[in-house]
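Please read the structure below before turning to the comments.
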Amino acid sequence: MTSRSQKQQQDDPEDLKQASTNNTTATVPIKYNNFIDRLPASWAPYAFLTRIDKPIGTWLLYWPCAWSITMAATQQQAPLSTTLGMLTLFGIGAITMRGAGCTINDLWDRDIDDKVERTKIRPIASGAVTPRQAITFLAGQLTVGLAVLTQLNNYSILLGASSLSLVVTYPLMKRITYWPQVVLGLAFNWGALLGWSAMTGGLDLSVAGPLYAGGVAWTLVYDTIYAHQDKKDDIKIGVKSTALRFGEKTPQWLGGFATTFVSMTALAGYMNDQGAPFYLISVLGTAAHLAWQLRTVDYNSPADCWSKFKSNTWAGGILWSGIVVDALVKASPIMS
Numbered sequence: 001m002t003s004r005s006q007k008q009q010q011d012d013p014e015d016l017k018q019a020s021t022n023n024t025t026a027t028v029p030i031k032y033n034n035f036i037d038r039l040p041a042s043w044a045p046y047a048f049l050t051r052i053d054k055p056i057g058t059w060l061l062y063w064p065c066a067w068s069i070t071m072a073a074t075q076q077q078a079p080l081s082t083t084l085g086m087l088t089l090f091g092i093g094a095i096t097m098r099g100a101g102c103t104i105n106d107l108w109d110r111d112i113d114d115k116v117e118r119t120k121i122r123p124i125a126s127g128a129v130t131p132r133q134a135i136t137f138l139a140g141q142l143t144v145g146l147a148v149l150t151q152l153n154n155y156s157i158l159l160g161a162s163s164l165s166l167v168v169t170y171p172l173m174k175r176i177t178y179w180p181q182v183v184l185g186l187a188f189n190w191g192a193l194l195g196w197s198a199m200t201g202g203l204d205l206s207v208a209g210p211l212y213a214g215g216v217a218w219t220l221v222y223d224t225i226y227a228h229q230d231k232k233d234d235i236k237i238g239v240k241s242t243a244l245r246f247g248e249k250t251p252q253w254l255g256g257f258a259t260t261f262v263s264m265t266a267l268a269g270y271m272n273d274q275g276a277p278f279y280l281i282s283v284l285g286t287a288a289h290l291a292w293q294l295r296t297v298d299y300n301s302p303a304d305c306w307s308k309f310k311s312n313t314w315a316g317g318i319l320w321s322g323i324v325v326d327a328l329v330k331a332s333p334i335m336s
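Positions 1 to 336 (full-length UniProt numbering) are the ones given, in order, by the sequence shown.
If you want it as structure tokens, here you go:
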């Protein structure tokens, strides 16, 4: 997710310790030191290609969907079974499309990844998977994604399909602009729009709009932190990112984006008639978590940047939990 991969779509700095020292060619097996090692040898590179062993990217893609679905369900007083079914369907979609995004990203970046210490063991860059094999695999991933999308209403099918252009073009942005994270944010938070339309058959932009805009600002926070891992290599090879654009002023920029995220979340809640639990948990809780991140992150430590980036799983979960608690309170017979 940053200057080399999609949000959530990255390699842990520990990967290089886990991999054998000569794994830049397909003839030398890679030791993953996780469940991928137990897969058949022919499957392992494809599992690694999807980053299935690093679910942070899937969560970052899923949370905006979950926020929107649950807020729409609250407004529409949708049956619990309908809401849970939609959350499950979008979960499958998030796993699938996050993996597809990784494949697309690595196809575009194969000439970059092999020059960066953290990413040179990725399957396409290392030669474990050829570009032709990756394209065939991608076709299968997109077929599964399409199967999930066609379970939605017609409006949502068109809305969901329209996001594919963002997924495809994001990896190119790092070559031409210092703001590729904006495109990533537009793609990764599409679920804030799609989740709403899936539940209601249309878009209420008074709610879904602020939720989407806030999500984009959130992506700028976490993916700029992520991008600081690779800033030295990025300078050498000419890759652009907000980490390089902001430089020493990163804390001020990210403080502004975090404030925008929290403010837009509060506005979406206000427009959706959310109650006190939403503001206490979703708004204040998320604000506190972001404040902790930005106060403690060490932008010159790749390990700490990775740790803070991963912690955004909790930020998204805190926001969603407030929506859920608010819905449960409203549905309680005591409150009715």
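Virtual Cβ for every residue (Gly too), placed ideally from N, Cα, C.
Buried versus exposed, by CB contacts within 10 Å (16 or more), residue i
i, result
"D109", "buried"
"S165", "exposed"
"P251", "exposed"
"S42", "exposed"
"L172", "exposed"
"R98", "buried"
"R132", "exposed"
"Q77", "exposed"
"L280", "exposed"
"N300", "exposed"
"P40", "exposed"
"P79", "exposed"
"I121", "buried"
"I69", "buried"
"A125", "buried"
"A38", "In the sequence under discussion, the amino acid at residue 38 is Arg, which differs from the Ala named in the question. Exposed, by the Cβ-count rule."
"S197", "buried"
"F48", "buried"
"L220", "buried"
"H237", "Per the sequence presented here, residue 237 reads as Ile, with His not at that position. I237 comes out exposed."
"T58", "buried"
"T119", "buried"
"I56", "buried"
"I176", "exposed"
"D298", "exposed"
Between the CA atoms of residue j and residue i - distance to the nearest angstrom
i, j, result
"L203", "K115", "43 Å"
"S332", "M199", "22 Å"
"Q141", "A100", "6 Å"
"K249", "D53", "33 Å"
"L158", "A134", "26 Å"
"T286", "A315", "6 Å"
"D326", "F137", "42 Å"
"P302", "N153", "43 Å"
"D113", "I95", "23 Å"
"V329", "Q274", "11 Å"
"I92", "A147", "10 Å"
"W253", "V239", "20 Å"
"F278", "A73", "14 Å"
"V207", "M271", "6 Å"
"K174", "I235", "12 Å"
"K231", "Q75", "44 Å"
"L294", "G255", "7 Å"
"I225", "N312", "11 Å"
"F35", "L205", "42 Å"
"T150", "T50", "22 Å"
"L84", "P210", "24 Å"
"Q267", "W218", "Correcting the residue type first, residue 267 is Leu in the shown sequence and not Gln. Cα to Cα, the separation comes out at about 15 Å."
"G269", "A276", "10 Å"
"G317", "H289", "11 Å"
Cβ-Cβ distance between residue i and residue j below 7 Å
i, j, result
"V182", "Y170", "no"
"V216", "A187", "no"
"A227", "A243", "yes"
"S162", "L194", "no"
"F261", "G214", "yes"
"F309", "Y222", "yes"
"T296", "V283", "no"
"W67", "W320", "yes"
"P45", "A139", "no"
Cβ-Cβ separation, residue j to residue i (assumed contact under 8 Å), whole Å
i, j, result
"G201", "C65", "Actually they do not touch by this definition, with Cβ atoms about 16 Å apart."
"M71", "I323", "6 Å"
"S241", "P180", "6 Å"
"D304", "E117", "With a Cβ gap of about 17 Å, D304 and E117 do not count as contacting."
Contact test: residue i Cβ vs the ligand PLP heavy atom, cutoff 6 Å
i, result
"H228", "In the structure shown, the ligand PLP is absent, as is every other ligand, since no ligand is present at all."
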